[in-house]
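>
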Amino acid sequence: NAGVMQNPRHLVRRRGQEARLRCSPMKGHSHVYWYRQLPEEGLKFMVYLQKENIIDESGMPKERFSAEFPKEGPSILRIQQVVRGDSAAYFCASSPRAGGTEAFFGQGTRLTVV
Amino acid sequence: AQTVTQSQPEMSVQEAETVTLSCTYDTSESDYYLFWYKQPPSRQMILVIRQEAYKQQNATENRFSVNFQKAAKSFSLKISDSQLGDAAMYFCAYRSAGSGNTGKLIFGQGTTLQVKP
Numbered sequence: 015n016a017g018v019m020q021n022p023r024h025l026v027r028r029r030g031q032e033a034r035l036r037c038s039p040m041k042g043h044s045h046v047y048w049y050r051q052l053p054e055e056g057l058k059f060m061v062y063l064q065k066e067n068i069i070d071e072s073g074m075p076k077e078r079f080s081a082e083f084p085k086e087g088p089s090i091l092r093i094q095q096v097v098r099g100d101s102a103a104y105f106c107a108s109s110p111r112a113g114g115t116e117a118f119f120g121q122g123t124r125l126t127v128v
Numbered sequence: 048a049q050t051v052t053q054s055q056p057e058m059s060v061q062e063a064e065t066v067t068l069s070c071t072y073d074t075s076e077s078d079y080y081l082f083w084y085k086q087p088p089s090r091q092m093i094l095v096i097r098q099e100a101y102k103q104q105n106a107t108e109n110r111f112s113v114n115f116q117k118a119a120k121s122f123s124l125k126i127s128d129s130q131l132g133d134a135a136m137y138f139c140a141y142r143s144a145g146s147g148n149t150g151k152l153i154f155g156q157g158t159t160l161q162v163k164p
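Here the protein sequences line up with chains A and B, keeping their order.
In the numbering used here, each residue carries its 1-based index in the first sequence increased by 14.
In the numbering used here, each residue carries its 1-based index in the second sequence increased by 47.
This is how it looks when you write it as structure tokens:
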């Protein structure tokens, strides 16, 4: 059973470009969480999605950031018009059910904005 | 809102010795979970140990154990017989367990553990 897969592992974007980060949850998991880790900091919750629904986006910046988890395919975190401050590691975690006691993490995508 | 605080940015321990990492949290909830995650240089987040708040008994996983003090809102991690592979960043995390909770985790700032040979 493959773990949570995130790609790409590393992504470099110029200021103003768009970044698309992908997360394929573990098989059978329909709940996905996105977290952001700024340098030398802990992970901060961004958004929680179930298939085709955003459940909690309280940690997501109001502008430029969006997330989706379609019926088919991976969850996508999209950052438009990236700025230097968006440089961070972005982690995805999946869970088989809402409020499951354990979330399984991917290896993260390190986004660098130049 | 819940918060998690790790007041030790860095710790070091001699191989085979014991080290304790501190974590305090703030919440008004009575039902919750606490976790310790390990993040090695590979960045993979690895669950080390989990504690349910309703359980008085401290959780243990091989060389890893916790000291859970609910009244003091303290949740420390003890690593016994430290090994070189234990070197990593360690994060304390909180998760609500009440009805309607979404399962999101609230993390502390992390403690970098160095293990000296």
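Where is the CB? At the ideal position from N, CA and C, for every residue including glycine.
Once the 5 residues before and after MET58 (chain B) are set aside, which same chain residues still bring their CB inside 8 Å of it?
Within the same chain, MET58 (chain B) has close Cβ partners VAL66, LEU68, THR158, THR159, LEU160 and GLN161.
> Using a C-beta cutoff of 7 Å, does GLN49 (chain B) count as contacting chain A?
Answer no: the Cβ-Cβ gap between GLN49 (chain B) and chain A never drops below 7 Å.
> Between the Cα of ALA63 (chain B) and the Cα atoms of B:PHE138, B:ALA134 and B:SER143, which residue gives the shortest distance?
Nearest C-alpha to ALA63 (chain B): B:ALA134.
> Can you grab the Cα-Cα spacing for the pair ALA119 (chain B) / PRO22 (chain A), in whole Å?
One C-alpha to the other measures close to 42 Å.
> Taking all protein chains shown into account, decide if ASP100 (chain A) is buried (16 or more other Cβ within 10 angstroms of its Cβ) or exposed.
Looking at its Cβ environment, which holds 16 or more other Cβ atoms inside 10 Å, ASP100 (chain A) is buried.
> So is LYS85 (chain A) buried or exposed if we call it buried at 16+ other beta carbons inside 10 Å?
Exposed, since its Cβ has fewer than 16 Cβ neighbours within 10 Å.
> Give the residues from the segment 74-88 of chain B that approach chain A closer than 9 Å (Cβ to any Cβ), ordered along the chain.
Against chain A - using a Cβ distance shorter than 9 Å - the residues of the segment 74-88 of chain B are TYR80, PHE82, TYR84 and GLN86.
> Looking only at C-alpha atoms, which of A:GLY42, A:ARG50, A:MET40 and A:HIS45 sits nearest to ILE93 (chain A)?
Comparing Cα-Cα distances from ILE93 (chain A) to each of A:GLY42, A:ARG50, A:MET40 and A:HIS45, the minimum goes to A:ARG50.
> Judging by CA-CA distance, which residue of B:ASP78, B:SER121 and B:THR107 is the nearest neighbour of THR71 (chain B)?
When each option's Cα is compared against that of THR71 (chain B), the closest is B:SER121.
> Give the DSSP-derived three-state secondary structure of ASP73 (chain B) in the structure shown.
Strand.
> Please list the partners that GLN121 (chain A) has in chain B, where partner means a Cβ-to-Cβ separation under 8 Å.
Result: SER89, ARG90 and GLN91.
> Is any beta-carbon of chain B found at less than 7 Å from that of TYR62 (chain A)?
Judged by the 7 Å Cβ criterion, TYR62 (chain A) is in contact with chain B.
> For GLY17 (chain A), I'd like the list of residues in its chain whose CB is within less than 8 Å of its CB, leaving aside the five on either flank, ordered along the chain.
Same-chain partners within the cutoff: MET40, PHE118 and GLY120.
> So which of B:PHE154, B:GLY132 and B:SER143 has the shortest CA-CA distance to PRO164 (chain B)?
The option with the nearest alpha carbon to PRO164 (chain B) is B:GLY132.
> Nearest by alpha-carbon distance to SER129 (chain B): which of B:GLY150, B:SER75, B:TYR141 and B:SER112 is it?
That would be B:SER112, whose Cα lies nearest to the Cα of SER129 (chain B).
> By how many angstroms is the C-alpha of VAL128 (chain A) removed from the C-alpha of PRO88 (chain B)?
The straight-line gap from Cα to Cα measures roughly 23 Å.
> Can you confirm whether ASP100 (chain A), when its beta carbon is compared against all beta carbons of chain B, has any partner nearer than 7 Å?
Answer no: the Cβ-Cβ gap between ASP100 (chain A) and chain B never drops below 7 Å.
> Using a C-beta cutoff of 7 Å, does PHE83 (chain A) count as contacting chain D?
Among the protein chains of the structure shown, namely A and B, there is no chain D.
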